[in-house]
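So for the sequence shown, the numbering used here puts the first residue at 802; every next one is plus one.
The structure under discussion appears below in the form of structure tokens.
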Amino acid sequence: MPQTPVPGAAVTQFAVLDALLAGAYESGLLVGEACAVGDFGLGCVEQLGGEVVILDAAAIECTLDGPPAVMRSDETLPFAIVCRFPDVPASEVRDRDMAGFAASVDEALTSRNLFHAVRFDGVLSEVRVRVTPRQRHPLPPLAEVTEQQVETVARGIRGTLVGFWTPAIYQGIAVAGLHLHFLSDDRSLGGHVLDLAVEAGELRVAAFARFDLHLPTDELFLRTELTHAEDHRIVAVEGGGAAS
């Protein structure tokens, strides 16, 4: 059953997706600062050098340098979205493809005008994730970065999906619809989810009526005018969409 919004709690975000699309991701939030305001979330590595899963108050980086690893508190996240995941009831989800899983999340939404944190723990019969390589100056826009992405497919793997469902009106600020990262229980695989098939597990969805946005103040961000003119690129590189 859909839940009432978590009283007084907020989803907190640093930076905006449109800035990544424009190549403005020079500064960031320290890992320690992100984990101080949330024990659950996702983000990306400095210079877009990988994907980040924040789970149980630990930030795990998924890069091309090796298996997922715990980040230091003084490392930087150019984009992050976090919350404190509440104790909410779980529902069982079995035998769902990506569209079916998204439909299960939709059924649990309190309102399509609220942010929702989404957590799934269980076995995926298949998951396809991506990791992007670290970029050099001058920093390219996100669409160019994802052209270099490395994709991995795993089957019969147990782990956790960490993500957020974002209202359509926030497209460009975040990824509208469902945005998921994955981390396997054995820490052998992680990344941004491109596709999945659920075997069985538990889904938890928590609604939030507060959204706290923190913007960068570095020179590159301040002089890069963000026009929010590339919704189609968001769908192409992140997989989000208002219909999700």
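All C-beta atoms, glycine included, are put in the ideal place defined by N, C-alpha and C.
Model, not experiment: these values are computed from the prediction.
Tell me, please, which residues DSSP counts as bridged to residue i.
{"i": "HIS1015", "result": "PHE815"}
{"i": "PHE921", "result": "LEU962, LEU1004"}
{"i": "PHE745", "result": "No answer is possible for residue 745: it lies beyond the span of the chain, which begins at 802 and ends at 1045."}
{"i": "LEU831", "result": "THR877"}
{"i": "ARG929", "result": "VAL954, ASP996"}
{"i": "GLY978", "result": "THR967"}
With DSSP collapsed to three states, give me the class of residue i.
{"i": "ALA955", "result": "strand"}
{"i": "ASP907", "result": "helix"}
{"i": "GLN1088", "result": "Lying before the first or after the last residue shown, residue 1088 is absent from the chain, which here runs from 802 to 1045."}
{"i": "ARG1024", "result": "helix"}
{"i": "LEU990", "result": "coil"}
{"i": "VAL893", "result": "The sequence as given places Glu at residue 893; Val does not occur at that position. GLU893 falls in the strand class under three-state DSSP."}
{"i": "LEU821", "result": "helix"}
{"i": "VAL807", "result": "coil"}
When you compare each of the options to residue i by their alpha carbons, which one comes out closest?
{"i": "ASP986", "options": "ALA955, ALA1010, ALA969, ASP996", "result": "ALA955"}
{"i": "VAL951", "options": "PRO934, ALA944, ILE958, GLY960", "result": "PRO934"}
{"i": "ASP875", "options": "THR953, GLU847, ALA1007", "result": "GLU847"}
{"i": "ALA823", "options": "PRO939, PHE965, ASP907, GLU862", "result": "PRO939"}
{"i": "LEU1021", "options": "SER989, GLY829, THR813, GLN814", "result": "GLY829"}
{"i": "ARG1024", "options": "ALA825, THR813, GLU945, THR805", "result": "ALA825"}
{"i": "GLY1002", "options": "PHE921, PRO942, SER989", "result": "PHE921"}
{"i": "SER926", "options": "GLU948, GLY960, PHE815", "result": "GLY960"}
{"i": "ALA904", "options": "VAL838, GLN814, ALA859, GLY978", "result": "GLY978"}
{"i": "THR967", "options": "LEU910, LEU849, VAL889", "result": "LEU910"}
{"i": "ARG1005", "options": "ALA859, GLU908, THR1018", "result": "GLU908"}
{"i": "VAL889", "options": "PRO942, THR1018, GLN804, GLY809", "result": "GLN804"}
{"i": "LEU849", "options": "PRO942, HIS980, ALA900", "result": "PRO942"}
{"i": "GLY800", "options": "GLY809, THR1018, THR947", "result": "Shown here, the chain extends from 802 to 1045; a query on residue 800 therefore has no answer."}
{"i": "THR953", "options": "VAL906, GLN972, VAL930, TYR971", "result": "VAL930"}
{"i": "ASP898", "options": "ARG913, ALA858, VAL999", "result": "VAL999"}
{"i": "LEU981", "options": "VAL906, ASP857, ALA858", "result": "VAL906"}
Excluding the 5 residues flanking residue i on each side, which residues of the same chain have their C-beta closer than 8 Å to its C-beta?
{"i": "ALA811", "result": "CYS884, PHE1009, ARG1011, PHE1012, ASP1013"}
{"i": "ILE855", "result": "ALA835, CYS836, GLY839, ASP840, PHE841, GLY842, LEU843, GLY844, ILE861, ALA881, VAL883, VAL963"}
{"i": "HIS1015", "result": "THR813, GLN814, PHE815, ALA816, LEU830"}
Take residue i and list the residues in its own chain whose beta-carbon comes closer than 6 Å to its own, dropping the five residues that flank it on each side.
{"i": "GLY844", "result": "VAL853, LEU878, PHE880, ALA881"}
{"i": "PRO887", "result": "VAL807, ALA1007"}
{"i": "PHE974", "result": "The displayed chain sequence assigns Ile, not Phe, to residue 974. Contacts found: VAL817."}
{"i": "GLY851", "result": "GLU862, CYS863, THR864, VAL932"}
With a threshold of 7 Å on Cβ separation, who are the neighbours of residue i within its own chain once the five nearest residues in sequence on each side are excluded?
{"i": "VAL928", "result": "ALA955, ILE958, PHE983, VAL994, LEU997"}
{"i": "SER989", "result": "PRO868"}
{"i": "THR1028", "result": "none"}
Could you tell me whether the region 912-919 touches the region 869-876, using the rule of 3 or more Cβ pairs below 8 Å?
Not touching, per the Cβ criterion.
So, do the region 832-840 and the region 892-900 have three or more beta carbon pairs nearer to each other than 8 Å?
Cβ pair count under 8 Å is below three, so no.
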